[in-house]
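Peer 1: One structure coming up, written as structure tokens, with questions to follow.
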Amino acid sequence: MSPSNNSNKRKISDYFVKNNEPEDKRQRASSPPPPTTTNPDEVDVNALRCPKRPIFEGEEGRSQTVLDCGQKYIGNIACEECGMIYCVDSAEDLREHAKFHTHWLNRFQIPDHFMKTFMQFHSRHHNDFKVFFLGTFVEEPFKRCISEHMKKINEQLGYKCERNSIWAFEKRIFFILLVRENKMYIGGICIVEKVFRAWTDVTRREVNNGQDLNDWIVGVDRIWVDPTVRRTKIAYSLLDAATTQDRQMEFRSRRLRIAFSDPTDDGKILAKRFIETRYKPEDQFGGEILVY
């Protein structure tokens with residue numbers, strides 16, 4: 267046999283896989299996959315899917331009980347006006363709130379038949395509001411009506427001197443009537459009295475009327491404004507009338523100074539703003555207010 271024929275001979279091992287082939291497969295398996303030829307603007311949808319949260323023991327069978335479909339309120343809320351706390355998801359609570367809210371709005375209503383009584387009082391416009399001076403010589407049914415409302419107002423103000431009648435001759439009542447849906451309500455009320463001596467609230471400096479009996483100090487015993495119409499200058503209108511008008515609602519020759527009886531923190535803020543915008547520097551007492 268010739269040598270050329272010997273070179274073409276093959277061994278039986280040539281027909282089996284070589285020993286290094288599994289290593290090549292492992293290298294190919296560990297290498298990253300070849301890049302796809304898809305459009306670069308396309309996004310892999312599978313990569314955007316939110317992974318499922320694992321279910322822990324005891325959570326099977328649970329589901330969401332309130333479906334949020336964009337509601338402004340969910341669950342229990344407190345009404346900003348009447349203060350009632352109710353559940354917006356309960357039809358019964360909604361009915362109860364509507365009933366209570368209507369009662370709350372009408373709690374300081376004035377009967378229509380007293381309209382003629384108001385027409386008899388002196389009045390004047392202040393800051394777009396008509397301020398009435400309630401005279402003490404008025405019919406008893408009207409007095410009882412206002413007195414009953416004042417009991418509820420006193421509770422809100424924390425005023426406990428029940429024997430201090432608002433109809434005493436030394437008291438002066440300034441009143442703003444609020445008309446809503448053809449019904450009359452108390453918009454605001456201010457009860458003042460003559461004061462001849464007061465003190466600054468910080469330095470406790472005494473201030474008196476001197477020798478001029480007509481230059482007395484307006485003492486604010488109580489002032490109240492309906493919550494639904496606050497920040498509408500009703501309080502300023504009442505104080506303007508009390509310091510510039512007499513019993514006939516005629517202008518005085520000068521604005522009287524003003525003092526407050528046991529003011530709250532909000533009352534002090536109101537007093538300071540009123541004095542800063544209404545009085546000359548010599549009557550502002552260095553940023554303090556007068557108390558009595």
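So the number in my numbering is just where the residue sits in the sequence shown, counting from 1, plus 266. Cβ coordinates follow ideal geometry from the N, Cα and C atoms, glycine included. Being a predicted model, the structure only gives us computed values, none of them experimental.
1) With distances taken between CB atoms, is the gap from Ser-527 to Gly-553 smaller than 8 Å?
2) Check whether the Cβ atoms of Leu-536 and Ile-483 lie closer than 8 Å to each other.
3) Quick one: using the 10 Å Cβ neighbour count with 16 as the cut-off for buried, is Thr-543 buried or exposed?
4) Helix, strand or coil: how does DSSP classify Thr-383 here?
5) Go through the region 466 to 518 residue by residue and report every complete run of the alpha helix (DSSP H) that reaches 4 residues or more, in order.
6) How is Ser-268 classed by DSSP in three states: helix, strand or coil?
7) Could you compute how far the alpha carbon of Asn-342 sits from the alpha carbon of His-367?
8) For Ser-268, which residues in the same chain have their Cβ closer than 7 Å to its Cβ, ignoring the five residues on either side in sequence?
9) Quick check on the burial criterion: 16 or more other C-beta atoms within 10 angstroms. Buried or exposed for Ser-503?
10) So Ile-217 and Ile-442 are supposed to be a Cβ contact under 8 Å. How far apart are they, rounded?
11) Find out if the Cβ-Cβ distance for the pair Glu-406, Glu-436 is shorter than 8 Å.
12) Looking at His-415 and Phe-374, is the spacing between their C-beta atoms short of 8 Å?
13) Indicate the three-state DSSP secondary structure (helix, strand or coil) for Met-350 in the structure shown.
14) Mapping the DSSP letters down to three states, classify Gln-375 as helix, strand or coil.
15) I need the boundaries of the beta strand (DSSP E) containing Arg-390, first residue and last residue.
16) Mind checking whether Tyr-352 and His-363 have CB atoms under 8 Å apart?
17) Taking only the alpha-carbon atoms, compute the straight-line gap between Thr-509 and Asp-359 and give it to the nearest angstrom.
18) Can you list, in chain order, the residues of its chain with a C-beta nearer than 7 Å to that of Gly-401? Leave out the 5 residues immediately preceding and following it.
19) DSSP state of Ala-434, grouped into three classes?
20) For Phe-408, does the three-state DSSP call read helix, strand or coil?
Peer 2: So, to answer that:
1) Translated into the one-based positions of the sequence shown, residue 527 becomes position 261. Translated into the one-based positions of the sequence shown, residue 553 becomes position 287. The Cβ atoms of Ser-527 and Gly-553 lie no closer than 8 Å to each other.
2) By 1-based counting over the sequence shown, the position of residue 536 is 270. By 1-based counting over the sequence shown, the position of residue 483 is 217. Not in contact: Leu-536 and Ile-483 (Cβ atoms no closer than 8 Å).
3) Position 277 of the sequence shown, counting from 1, holds the residue named residue 543. Thr-543 comes out exposed.
4) Your numbering for residue 383 matches position 117 in the sequence shown. Correct three-state label for Thr-383: helix.
5) As far as the region 466 to 518 is concerned, its whole alpha helix (DSSP H) runs of at least 4 residues are 500 to 510.
6) In the sequence shown, the residue the question calls residue 268 occupies position 2. Note that Ser-268 scores a pLDDT of 49, beneath 50, so its modelled location is shaky; the value from the coordinates is reported in the next line. Looking at Ser-268 - three-state DSSP - the assignment turns out to be coil, as it is neither helix nor strand.
7) Reading the sequence shown from its first residue, position 76 is the one you call residue 342. Reading the sequence shown from its first residue, position 101 is the one you call residue 367. Using only the alpha carbons, I get a separation of about 16 Å.
8) Your numbering for residue 268 matches position 2 in the sequence shown. For Ser-268, the predicted structure reports a pLDDT of 49, less than 50, and the residue's modelled location is therefore unreliable. A value from the coordinates is still provided. Cβ within range, chain order: n/a, list empty.
9) Your numbering for residue 503 matches position 237 in the sequence shown. Buried, because 16 or more other Cβ atoms sit within 10 Å of the Cβ of Ser-503.
10) Coverage of the chain is limited to positions 267 through 558, which leaves residue 217 absent and any answer about it impossible.
11) Residue numbering aside, residue 406 sits at position 140 when the sequence shown is read from its first letter. Residue numbering aside, residue 436 sits at position 170 when the sequence shown is read from its first letter. The Cβ atoms of Glu-406 and Glu-436 lie no closer than 8 Å to each other.
12) Your numbering for residue 374 matches position 108 in the sequence shown. Your numbering for residue 415 matches position 149 in the sequence shown. Yes.
13) By 1-based counting over the sequence shown, the position of residue 350 is 84. Coil, per DSSP.
14) Reading the sequence shown from its first residue, position 109 is the one you call residue 375. Residue state, collapsed to three classes: strand.
15) On the sequence shown, residue 390 is found 124 positions in, with the first residue counted as 1. Boundaries of the beta strand (DSSP E) around Arg-390: 388 to 392.
16) The residue given as residue 352 occupies position 86 in the sequence shown. The residue given as residue 363 occupies position 97 in the sequence shown. Yes, they are a contact pair.
17) Residue mapping note: residue 509 aligns to position 243 of the sequence shown, counting from 1. Residue mapping note: residue 359 aligns to position 93 of the sequence shown, counting from 1. So the two alpha carbons sit approximately 46 Å from each other.
18) As a first step, residue 401 is located in the sequence shown; it is residue number 135 there, counting from the start. Contacts found: Phe-387.
19) As a working note, residue 434 is residue 168 in the sequence shown. For Ala-434, the secondary structure class from DSSP, reduced to helix, strand or coil, is coil.
20) For this step, residue 408 is matched to residue 142 along the sequence shown. Three-state DSSP puts Phe-408 in a helix.
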